[in-house]
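A.B. asks: Submitted below is the structure of interest, expressed as structure tokens.
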Amino acid sequence: MLLELKAPINICGNICGQYTDLLRHFEQGGFLPESNYLFLGGYVNRGKRRYNIKLWKLFTNCFNCLPAAAVINEKIFCCHGGLSPELHSLDQIRQIQRPTDVPDYGLLCDLLWSDPSTNVENWQENYGVSSEFGANVVKEVVEDGYEFFANHQLVTIFSAPDYTGEYDNAGALMSIDQNLTYSFKILHSRTKQINNQNNNMNNLSLTQMDISQENVHQTNIGNGEALKDSNVYTLNKEV
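In UniProt numbering, the protein residues as written are 1 to 239.
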């Protein structure tokens with residue numbers, strides 16, 4: 001199953017169950033239905049509380065019904081994982097029938113679980129699940145890409161700042177306008193945000209600070225900040 005979408009649109013990577021940060025992204029990118037969003041997976045994560053296994057199965061059944069990938073304006077290919085040695089045409093993705101469980105190998109598995117790697121030129125097995133792919137593989141499928149991988153042809157998006165509370169990372173929302181111009185809206189970690197406010201307001205106690213306004217800015221794709229997660233490519237005309 002392949003979504004075929006039109007810009008303008010916002011692309012969101014892993015949320016990891018961080019609902020409040022999702023709302024922060026909506027504040028910057030616009031709320032539905034005025035703004036359109038494409039979510040690339042990574043919706044849930046382990047938390048401090050455990051719910052009934054029946055609820056977990058309901059989520060799993062829901063995920064088995066979701067599309068496997070998306071194309072924006074017939075030029076930008078988006079998926080949670082990456083490319084596959086079995087992928088030769090987008091029609092192969094269109095023909096995937098869902099709902100279905102994700103197999104241990106093959107095209108659907110690769111779209112969800114393969115990873116780009118700077119240490120691989122073509123294909124390499126990835127810890128027994130799917131595969132890693134290198135810049136040469138990306139070159140076969142895309143042209144005129146972005147910046148972060150394979151000579152500006154691939155960008156990865158991670159949208160959960162302060163991931164698991166252990167990483168002082170930012171979260172990015174990628175915005176694509178009607179002209180297919182790209183920019184990032186960055187959510188900085190709350191720890192870094194508070195530290196910056198402390199440095200700028202040494203005489204004001206933390207309890208008096210107004211931290212309701214998020215420290216968010218737009219970054220051109222040439223200077224974008226993102227952690228490896230969901231992947232966005234440009235397509236060449238033969239695909």
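Backbone N, C-alpha and C fix where the C-beta goes; we use that ideal spot for every residue, glycine too.
(1) May I ask you to report which of helix, strand or coil DSSP gives F31?
(2) Going by beta-carbon coordinates alone, are I9 and G42 separated by less than 8 angstroms?
(3) Checking the sheet assignment: what are the DSSP bridge partners for A172?
(4) For Y37, which of helix, strand or coil comes out of DSSP?
(5) Report the three-state DSSP secondary structure of D210 (helix, strand or coil).
(6) Among I176, F184, T181 and F39, which one has its Cα closest to the Cα of A70?
(7) State the Cα-Cα distance for the pair T100 and L83, rounded to the nearest angstrom.
(8) In the DSSP assignment, what residue or residues form a beta bridge with E4?
(9) Terminal residues of the continuous beta strand (DSSP E) containing T156?
(10) Less than 8 angstroms between the CB atoms is what I'm expecting for G29 and L173, so what's the real figure, rounded?
(11) Taking the alpha carbon of G81 as the reference point, which residue from Q92, T156 and V44 has its own alpha carbon closest?
(12) Let me confirm a value: S113 is counted as buried when at least 16 other C-beta atoms fall within 10 Å, else exposed. Which label applies?
(13) Tell whether a beta-carbon distance below 8 angstroms holds between L107 and L87.
(14) Cβ of A68 within 8 angstroms of Cβ of I176?
(15) Kindly indicate which residue of L2, T164 and Q95 has the alpha-carbon position closest to the one of V44.
(16) Taking DSSP as the reference, what is the three-state secondary structure of residue 264?
(17) To the nearest angstrom, how far is it from the Cα of N202 to the Cα of H188?
(18) What do you get for R24, buried or exposed, if any count of 16 or more other CB atoms within 10 angstroms of its CB means buried?
(19) Taking only the alpha-carbon atoms, compute the straight-line gap between I96 and I53 and give it to the nearest angstrom.
(20) Compute the Euclidean distance between the alpha carbons of residue 289 and L180, then round it to the nearest angstrom.
(21) Report buried or exposed for G47, applying the criterion of at least 16 other Cβ atoms within 10 angstroms of its Cβ.
(22) Span of the beta strand (DSSP E) holding residue 244?
(23) Between which two residues does the alpha helix (DSSP H) harbouring T60 extend?
(24) Which residues mark the beginning and the end of the alpha helix (DSSP H) in which L66 is found?
C.D. replies: Taking the coordinates as given:
(1) Three-state DSSP puts F31 in coil, outside helix and strand.
(2) Result no, Cβ atoms of I9 and G42 do not sit closer than 8 angstroms.
(3) DSSP lists I186 as partners of A172.
(4) Y37 falls in the strand class under three-state DSSP.
(5) Residue placement at D210 is flagged as unreliable, the pLDDT there being 31, under the threshold of 50; the coordinate-derived value follows with that caveat. Correct three-state label for D210: coil.
(6) Nearest C-alpha to A70: F39.
(7) Annotation: T100 to L83 spans about 20 angstroms, alpha carbon to alpha carbon.
(8) BP columns for E4 point to V71.
(9) Taken as a continuous stretch (DSSP letters only), the beta strand (DSSP E) holding T156 covers L154 to I157.
(10) About 5 angstroms separates the beta carbon of G29 from that of L173, a gap short enough to meet the 8 angstroms contact definition.
(11) Comparing alpha-carbon positions, the option among Q92, T156 and V44 lying closest to G81 turns out to be T156.
(12) Reading the sequence as shown, one finds Trp at residue 113 and not Ser. So W113 counts as buried.
(13) It is a contact, given that the beta carbons lie within the stated cut-off.
(14) Against a cut-off of 8 angstroms, the Cβ pair of I176 and A68 comes out as no contact.
(15) With respect to the C-alpha of V44, the residue from L2, T164 and Q95 having the closest C-alpha is T164.
(16) Residue 264 is absent from the structure shown; the chain starts at 1 and stops at 239.
(17) At N202, the pLDDT of 49 sits below 50, so the modelled position is not reliable and the matter cannot be decided from this model.
(18) So R24 ends up on the buried side.
(19) Computed Cα separation, rounded: 28 angstroms.
(20) Lying outside 1 to 239, the shown extent of the chain, residue 289 is not represented and no answer is given.
(21) Within 10 angstroms of the beta-carbon of G47 lie fewer than 16 other beta-carbons, which makes it exposed.
(22) As displayed, the chain neither begins before 1 nor continues past 239, which places residue 244 out of reach and without an answer.
(23) In the DSSP annotation of this structure, the continuous segment of the alpha helix (DSSP H) that includes T60 starts and ends at I53 to F63.
(24) That residue, L66, is in no alpha helix (DSSP H); it is neither H nor E in DSSP.
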